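What follows is one structure encoded as structure tokens, with my remarks underneath.
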Amino acid sequence: MPGSGRPSPPPPRPPWVLLPSPALLLLLLLVLLPGGTLRSGLDSAVGSEVNLLDSRSVMGDLGWIAYPKNGWEEIGEVDENYAPIHTYQVCRVMEQSQNNWLLTSWISNRGASRIFIELKFTLRDCNSLPGGLGTCKETFNMYYFETDDEDGRNVKENQYIKIDTIAADESFTELDLGDRVMKLNTEVRDVGPLTKKGFYLAFQDVGACIALVSVRVYYKKCPEVIRNLAIFPDTITGADSSQLLEVLGSCVNHSVTDEPPRMHCSAEGEWLVPIGKCMCKAGYEEKNNTCQACQLGFFKDLPQSQRCTKCPPHSYTREEASTTCLCEEHYFRKDSDPPTMACTTPSPITNVKKGKVAKNSISLSWQEPDRPNGIILEYEIKYFEKDQETSYTIIKSKETKITADGLKPASVYVFQIRARTAAGYGGFSRRFEFETSPVSVAASSDQTQIPIIAVSVTVGVILLAVVIGFLLSGRRCGYSKAKQDPEEEKMHFHNGHIKLPGVRTYIDPHTYEDPNQAVHEFAKEIEASCISIERVIGAGEFGEVCSGRLKIPGKRELPVAIKTLKVGYTEKQRRDFLGEASIMGQFDHPNIIHLEGVVTKSKPVMIVTEYMENGSLDTFLKKNDGQFTVIQLVGMLRGIASGMKYLSDMGYVHRDLAARNILINSNLVCKVSDFGLSRILEDDPEAAYTTRGGKIPIRWTAPEAIAFRKFTSASDVWSYGIVMWEVVSYGERPYWEMTNQDVIKAVEEGYRLPSPMDCPAALYQLMLDCWQKDRNSRPKFDEIVCILDKLIRNPSSLKTLVNASSRVSNLLGEHSPLGNGVYRSVGEWLEAIKMGRYTEIFMENGYSSMDAVAQVTLEDLRRLGVTLVGHQKKIMNSLQEMKVQLVNGMVPL
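Set out below in structure tokens:
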């Protein structure tokens, strides 16, 4: 063999051997790489890979040794830049009992406990050798030896630990040599856990014709990143291929947090499942992953606030990073007033007159202040029983008179009045004290009785007056507020707390007499000039959905989604369209779609929300079938559950929770959207909202909501279970092609959707818990979030998969419908699921009938060469659907 150390040149090779010489091997290798040369120079770390060794980048001697010396030999050449190229070859196929070792120098693992070895090599096909040499091999072995000693290479062979036997996917032949075309193989193996400072690699040849072109040794890490205003440092991945390392982040400068933010470093060097976040402290706002000081004229009083706010009227700041604004000279703000309130000059009410006084009411009137500091928008009247100042009532009125009713007879009440302008509230007036009338004394028994007819007439007049009054009050107001003027709003306070019967955290905009009032109360009005529409991305119920940019003066430009109301709308359509904005504007949660504002003062009418780059979750999952880890899918589910917990805590029922109504951004953060079907919960936690007709999404809806039109957070939990199934099955349609009536019947009889393929048992059990018939037996959303957090913290709990094959393995006997008319041939079936490219492979391997195909396993697919995970899932899901249809499409609960 060339390079064996023999003193004389090797004898001429017979023409039937045609073994390549070292120079020929190198020449052929040169044509395999761009430019016809082997490239040198250290490759920079790609993504999260960090090189420990790259034989292509070493300029001098590698320091590797071969044993025996006439085995592996180094071919030293230079590339076009005259950089050295290290290639090792061995080709002793003519001789028996080969045992040739190539040992690397000591490699430091730099603290990594799991390393990867990438080999690039070519290998000669033994069958292409004339005569079929029985001594020829087509594999070689790779070993490693751990040690802290850099000089510990001279150890016995049996002390090395075998990593793997390496075989070539592509081998070259005599024909390839003639055409100067050879296949360069790339194989990657990993080793771990490593416990010492470094290691040696060894390559053993047992009789192959092979050229080792390059060896690259590297480890993976999660690179330093800033997420949610927290810095997560470079983190070397764990020793186990499924291990997730929890890493605590540190808040960037000028930010704070209640709970230290966390992320998880996966074995592939990806950051997953962010939990918690930092917030810019008071006086600072978030910009480009940093906290920057509020500019002059702006302030931020709380870390929870998103942005710096412009100082209210008649106030200013003296320095950047201000947490409040100072009042201008002669303007004031009470200590108890929020910092967002404008500074005002006093405008007290001085002249208050008592009007009609009864045993249960007092009427008051007053004059407008001489200098009100602007147009008076309303008056606020505060009153309480004397010596009972902690329990008071406030009435708001746009007129200069009111009647306070519901008072005690013969009692003294204290009244104070203040005015509100665009600049804010003035101070309260001085205290005015007025007393109600005492209870009248009953007429004496010997008083002359009124004739019956007179009594009847009087009663009739009174009743008529009451009815007319009731009708008039009903005409003035869309809903009943007994004894309340339409211009007045009454609030009762006790020890500082508002007492309004029936108040909910979420306010149903449908209760407003004027829908515009709800929109303006919960949604910010945006000038149309601040919005630029870039392109149409879809069509909604009321018009087009577009993407664009929002640029409000003083704030950074944002990408936004814009819903438009089509031309020629009816007033009802406008009310329904803006109703969603009135609902959305009440929510503030990272897993609920954020409303930026509305455009109502010009056409077209628009709803502007944050832009979610990846669109709806169901479509996104279908496009990326099989591309995510289980932990990533659980992270998506955790975000959805967190958003639903927030809505449930607000007393809010979604009614249309489905993957199509979940939006996902570029960071894989899922947000609940589409509040068109949503309704409010009653105060009673056991109460339910009853609809009055309308369409119901049957496949996602709980049985009690279908049967009785009753919706609760428990029915949303049922829908969440269906969303879990959609996510794990990558956007599969629930219940496939079954009709709605079949779905209703099957669910009522106790059947449930089967587990998706490769579904962790813990996730499928949670789905089944969400599908309990008794709604009180279903988990609450806060419990669901807790369960998913535990699974994320303990990823080994997700390794146990549902054994779907055992559930349906006995269903495909000789009476199986799969080969009996569902699909007439294997080719027809594969074409139907857009996998026709595999028809020939199936047929060549004996799967020529649907009965045979029905027995295919995932391992069979891999053996057939179906290596893409998405294609594997599509084929196995199709088979599973056909199997499940055999049992009416579902599993009994």
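Numbered by mature numbering (1 follows the signal peptide of the UniProt record, and there is no 0), the letters in the sequence shown go through residues -39 to -1, 1 to 854 in order. Using N, Cα and C, we set each Cβ at its ideal position, and we do this for glycine too. Model, not experiment: these values are computed from the prediction.
Between Ala722 and Trp661, the C-beta spacing is not below 8 Å. Take the alpha-carbon of Val633 and the one of Lys760: they are about 28 Å apart.
The C-beta distance from Leu539 to Val480 rounds to 5 Å, short enough to fall under 8 Å. Across the structure, Ser493 and Arg510 are spaced so that their CA atoms are roughly 5 Å apart. According to the DSSP assignment, Arg496 belongs to the beta strand (DSSP E) that extends over 492 to 500. Under DSSP, Pro658 forms no beta bridge with any residue. Remark: C-beta atoms of Ile76 and Val167 do not approach each other more closely than 8 Å. Residue burial is scored here from C-beta neighbours: Ala668 has fewer than 16 other C-beta atoms within 10 angstroms and is therefore classed as exposed. In this chain, the alpha helix (DSSP H) harbouring Ser609 covers 591 to 610. In the three-state reduction of the DSSP assignment, Cys731 falls in the helix class, which pools H, G and I.
Contact between the segment 238 to 247 and the segment 260 to 275 is present, with at least three C-beta pairs closer than 8 Å. Where Phe164 is concerned, the enclosing beta strand (DSSP E) starts and stops at 159 to 166. In this structure, Ile46 sits away from Leu80, with a CB-CB distance that is not shorter than 8 Å. Gly711 is classed as exposed because its beta carbon has fewer than 16 other beta carbons within 10 Å across all chains shown. For Phe803, the enclosing alpha helix (DSSP H) begins and ends at 800 to 805. Residue pairing by DSSP leaves Tyr808 without any beta bridge partner.
For Met699, there is no enclosing beta strand (DSSP E), as DSSP marks it with neither H nor E. For Cys87, the three-state secondary structure derived from DSSP is helix. Check the Cα spacing between Leu257 and each of Asn61, Val234, Thr285, Gly388: the tightest is with Thr285. The residue among Lys527, Thr570, Pro565, Ser563 with its C-alpha nearest the C-alpha of Glu541 is Thr570. For Arg53 and Lys144, the gap between their C-alpha atoms comes out near 20 Å. One thing to note: Lys314 has its Cβ within 8 Å of the Cβ of Trp327. Relative to the Cα of Gln349, the nearest Cα in the group Ile592, Phe376, Ala815, Ser490 belongs to Phe376. Counted as a single uninterrupted DSSP element, the beta strand (DSSP E) harbouring Cys252 occupies residues 251 to 254.
Short of 8 Å from the beta carbon of Ser322, and not among the five residues preceding or following it, lie these beta carbons of its own chain, in chain order: Thr364, Ala365, Asp366, Gly367, Leu368, Thr397.
Within the segment 18 to 66, no run of alpha helix (DSSP H) at least 4 residues long lies entirely inside it. Under DSSP, the beta-bridge partners assigned to Arg150 are Ile78.
Just so you know, the alpha carbons of Lys564 and Met605 end up roughly 34 Å apart. Taking Lys343 as reference, the option from Ser352, Thr48, Ile337 with the minimal CA-CA separation is Ser352.
In the structure shown, Ala815 adopts coil according to DSSP, grouped into three states. For the segment 156 to 244, the full-length beta strand (DSSP E) segments reaching 3 residues or more read 159 to 166, 170 to 183, 186 to 188, 191 to 193, 206 to 209, 223 to 226, 232 to 236 along the chain. Listed in chain order, the non-local C-beta contacts of Ile705 below 8 Å within the same chain comprise Ile659, Pro664, Ile667, local neighbours out to five positions each way being set aside.
Apart from sequence neighbours up to five positions away, the residues of its chain that approach Ala282 with a beta-carbon distance below 7 Å are Gly244, Tyr245, Ala254, Cys255, ordered along the chain. Glu35 has its alpha-carbon roughly 35 Å from the corresponding atom of Asp201. A contact between stretches requires three or more CB pairs, one per stretch, nearer than 8 Å, and the segment 748 to 756 fails this requirement with the segment 785 to 793. Under the three-state reduction of DSSP, Leu618 is assigned to coil, being neither helix nor strand.
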